[in-house]
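Chemist: Before anything else, here's the structure in question.
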């Protein structure tokens with residue numbers, strides 16, 4: 002069942018509440034629905050977490066938490082899914098986002114070589130930046146939709162399977 006599988010990987014909600022970056026939400030973190038795991042909260046959390054995983058901004062976890070609170074979806078799951086983009090997966094994911102954005106804008110992809118400098122960043126924002134940002138929004142939206150409907154289907158499927166196995 003997805004609930005048991007997901008709960009194995011979720012951090013303890015007390016540890017999540019103690020995160021310094023989440024202290025800005027104060028008493029909003031005391032809503033029990035943010036910590037409850039059911040089909041509705043899981044599909045929403047997958048949607049929120051996967052969306053912000055594809056958005057190239059700092060503090061993705063804080064943004065995911067900020068969206069999980071008003072949507073009342075599972076907060077630890079939303080925050081954990083942001084780590085889909087980590088230092089190992091970020092380059093290929095963001096390169097694919099750039100390619101998707103270039104395709105959406107009808108542009109040819111431009112070769113570029115990464116440099117850890119402010120000048121390179123400023124120059125890149127004007128050359129590859131628009132395609133990268135559009136591609137990131139497209140990929141984030143698609144990932145959010147796939148996560149939402151995928152976990153919903155998986156949850157329903159496992160419940161039906163468990164229900165049918167009881168009857169036999």
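In the working numbering, the protein residues as written are 2 to 169. All residues carry an ideal CB built from backbone N, CA and C; glycine is no exception.
#1: Taking the CB atoms as reference points, tell me whether residue 141 and residue 55 lie closer together than 8 Å.
#2: Label residue 132 either buried or exposed according to how many other C-beta atoms from any shown protein chain fall within 10 Å of its C-beta, with 16 as the threshold for buried.
#3: Output needed for residue 101: all residues of its chain with C-beta closer than 7 Å, excluding positions within five of it in sequence on either side, in chain order.
#4: Using a Cβ-based criterion (distance less than 7 Å to any ligand heavy atom), does residue 93 qualify as near the ligand PLP?
#5: Comparing alpha-carbon positions, which option in 59, 53, 126 lies nearest residue 68?
#6: When you compare each of 57, 149, 114, 79 to residue 134 by their alpha carbons, which one comes out closest?
#7: Just to confirm my understanding: we take residue 148, look at its own chain, exclude 5 residues before and 5 after, and list those with CB closer than 7 Å. What are they?
#8: Tell me the residue span of the alpha helix (DSSP H) that contains residue 100.
#9: DSSP on residue 123, reduced to helix/strand/coil?
#10: Among 42, 144, 36, 158, which one has its Cα closest to the Cα of residue 97?
Modeler: Looking at the atomic coordinates:
#1: yes
#2: buried
#3: When the five nearest sequence neighbours on each side are left out, the beta carbons in the same chain lying within less than 7 Å of the beta carbon of residue 101 are those of 136, 139, 140, in order along the chain.
#4: Within the structure as shown, the ligand PLP is missing, as the structure has no ligands at all.
#5: 53
#6: 57
#7: Excluding positions up to five away in sequence, the list reads 47, 48, 51.
#8: The continuous alpha helix (DSSP H) containing residue 100 extends over residues 91-106.
#9: Helix.
#10: Nearest C-alpha to residue 97: 144.
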